[in-house]
Amino acid sequence: MSRRLKLIIAYDGAPFAGWQSQSHRNTIQDHIERAFERVLGKPARVHGAGRTDAGVHALAQCAHVDLPDNRLSVARWSEALNALLPPTIRVLRCQYVSTDFHARLSAKGKIYRYRIWLSSVLPPFEYGRAWHIPRPVDLTILRRAARQFVGTHDFAGFAANRGKSANRTDSSRGKQEKSTIRTIYSVRVRKTGPCVTIEFDGDGFLYKMVRLIIGALVRSALGKLSIENVAARLNSGQVSAPRFAAPAEGLSLVRVRY
Numbered sequence: 433m434s435r436r437l438k439l440i441i442a443y444d445g446a447p448f449a450g451w452q453s454q455s456h457r458n459t460i461q462d463h464i465e466r467a468f469e470r471v472l473g474k475p476a477r478v479h480g481a482g483r484t485d486a487g488v489h490a491l492a493q494c495a496h497v498d499l500p501d502n503r504l505s506v507a508r509w510s511e512a513l514n515a516l517l518p519p520t521i522r523v524l525r526c527q528y529v530s531t532d533f534h535a536r537l538s539a540k541g542k543i544y545r546y547r548i549w550l551s552s553v554l555p556p557f558e559y560g561r562a563w564h565i566p567r568p569v570d571l572t573i574l575r576r577a578a579r580q581f582v583g584t585h586d587f588a589g590f591a592a593n594r595g596k597s598a599n600r601t602d603s604s605r606g607k608q609e610k611s612t613i614r615t616i617y618s619v620r621v622r623k624t625g626p627c628v629t630i631e632f633d634g635d636g637f638l639y640k641m642v643r644l645i646i647g648a649l650v651r652s653a654l655g656k657l658s659i660e661n662v663a664a665r666l667n668s669g670q671v672s673a674p675r676f677a678a679p680a681e682g683l684s685l686v687r688v689r690y
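For the sequence shown, my numbering assigns the number 433 to the initial residue and increments by one for each residue that follows.
Right under this line is the structure:
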């Protein structure tokens, strides 16, 4: 009798080409599926809650997989998978769940966090963990610009088109989103020393949406883009050039809500 296993996974996205499986087989999904295949002796498809892009980290990505039986306890599954995975990918915990649960379709929302380091020098332990901006930014303007994104909007102007890469193994990667309307419940901006943390809580996020929003916020805070221009782009619901996406290394998926 098959069983569905739910996994909570953390990873450093720097060495990998994102979550979604690709032909070169160096993605988070690819590594986890190979680990399952080594244990089971046959392929197993792993479904993630979201497709984090290359270089993006996760503190608690959620995924599920259908197993042919429950031959291993959940504790043994964590041990077995972690013994086979790279040290930059870890299964934090897992549990057997109902087949009604789906990592992506059952999700009610996600929380993403972006980190910016405002200092002339980036500490080596922050390398690959934050966007280094060695100049002052106006946090008052940044906070005012961030408030524009709270609520339900058409985020087409802050989303990138998927399917540009020809080596995606999932044909759905090339499909456009059915709807670009999303709801952002809150945007929290905090500063601790030189580190600025911007946290987004929303019902869903489009491809590169957070990074494009961060890019606009920082450009506003640097005096390169007015808040009125940011609001106009958001309210138009249309793609307008030029746009700037913040670097991937500052972004982490914090939590998937169910």
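Note that CB positions come from ideal geometry on N, CA and C, so glycine has one too.
Sequence-distant residues of the same chain with beta carbon closer than 6 Å to residue i, five excluded per side
| i | result |
| --- | --- |
| Ala577 | Leu649, Ser652, Ile659, Val662 |
| Leu513 | Ala467, Val523 |
| His496 | Arg436, Lys438, His479, Ala535 |
| Glu418 | For residue 418 there is no data in the structure shown, the boundaries of the chain being 433 and 690. |
| Pro566 | Ser552 |
| His585 | Leu666 |
Residue from the options with nearest C-alpha to residue i
| i | options | result |
| --- | --- | --- |
| Pro568 | Ala446, Lys623, Gly634 | Lys623 |
| Thr484 | Ser552, Ser672, Arg536, Glu558 | Arg536 |
| Phe637 | Gly625, Thr629, Thr615 | Thr615 |
| Thr520 | Pro626, Pro500, Asn458 | Asn458 |
| Leu683 | His479, Ser453, Lys610, His564 | His564 |
| Ala591 | Ala512, Arg643, Val471, Val478 | Arg643 |
| Met641 | Ile440, Val523, Arg545 | Arg545 |
| Gln452 | Arg470, Gly482, Asp444, Leu513 | Gly482 |
| Phe676 | Arg687, Leu571, Ile646 | Ile646 |
| Met433 | Asp498, Arg470, Ile440 | Asp498 |
| Pro626 | Arg547, Trp509, Gly583, Arg470 | Arg547 |
| Ile460 | Arg525, Pro518, Pro556, Leu554 | Pro518 |
8 Å contact criterion, which residue i and residue j should meet: CB distance rounded
| i | j | result |
| --- | --- | --- |
| Gln736 | Leu657 | With the chain covering 433 to 690 only, the question about residue 736 has no answer from this structure. |
| Phe448 | Ala476 | Going by Cβ atoms, the distance from Phe448 to Ala476 rounds to 19 Å, so no, they are not a contact pair. |
| Thr531 | Arg436 | 5 Å |
| Leu491 | Ala442 | 6 Å |
| Phe575 | Val628 | A small fix is needed here, since residue 575 is Arg in this sequence, not Phe. Not confirmed; about 10 Å, so no contact. |
| Phe632 | Thr612 | The pair is not a contact, with the Cβ atoms about 16 Å apart (cut-off 8 Å). |
Residue burial classification, residue i (beta-carbon count within 10 angstroms, cutoff 16)
| i | result |
| --- | --- |
| Gln670 | exposed |
| His489 | buried |
| Lys438 | buried |
| Tyr617 | exposed |
| Lys542 | buried |
| Gly606 | Residue placement at Gly606 is flagged as unreliable, the pLDDT there being 43, under the threshold of 50; the coordinate-derived value follows with that caveat. Classification of Gly606: exposed, given that the 10 Å Cβ count is below 16. |
| Gly450 | buried |
| Gly655 | exposed |
| Phe581 | buried |
| Arg470 | exposed |
Range of the contiguous alpha helix (DSSP H) that encloses residue i
| i | result |
| --- | --- |
| Thr572 | 571 to 579 |
| Gly636 | No alpha helix (DSSP H) holds Gly636; DSSP gives it neither H nor E. |
| Trp549 | Not the alpha helix (DSSP H): Trp549 falls in the beta strand (DSSP E), residues 541 to 549. |
| Gln452 | Careful: Gln452 lies outside any alpha helix (DSSP H) and carries neither H nor E. |
| His463 | 460 to 472 |
| Val478 | Taken as a continuous stretch (DSSP letters only), Val478 belongs to no alpha helix (DSSP H), being part of the beta strand (DSSP E) at 478 to 480. |
| Leu654 | Run containing Leu654: none; DSSP gives neither H nor E here. |
| Asn502 | Note, Asn502: premise wrong, no alpha helix (DSSP H); not H, not E. |
Residues near residue i in its chain [Cβ-Cβ closer than 8 Å; skip 5 each side]
| i | result |
| --- | --- |
| Lys540 | Asp635, Arg689, Tyr690 |
| Tyr528 | Arg435, Arg436, Leu437, Lys438, Asn502, Val506 |
| Arg665 | Gly589, Phe590, Ala648, Ser672 |
| Arg579 | Val619 |
| Leu571 | Val621, Lys623, Val628, Ala653 |
| Gly583 | Thr615, Ile616 |
Range of the contiguous beta strand (DSSP E) that encloses residue i
| i | result |
| --- | --- |
| Leu439 | 435 to 443 |
| Ile521 | 521 to 529 |
| Ala680 | Neither: Ala680 is in no beta strand (DSSP E) and is coded neither H nor E. |
| Ser618 | 613 to 624 |
| Ala495 | 489 to 499 |
| Asp586 | 583 to 586 |
Below-9 Å beta-carbon distance, residue i vs any chain B residue
| i | result |
| --- | --- |
| Phe637 | No chain B is part of this structure, which consists of one protein chain only. |
Contact set for residue i: own chain, Cβ-Cβ below 7 Å, skip 5 residues either direction
| i | result |
| --- | --- |
| Ser538 | Tyr690 |
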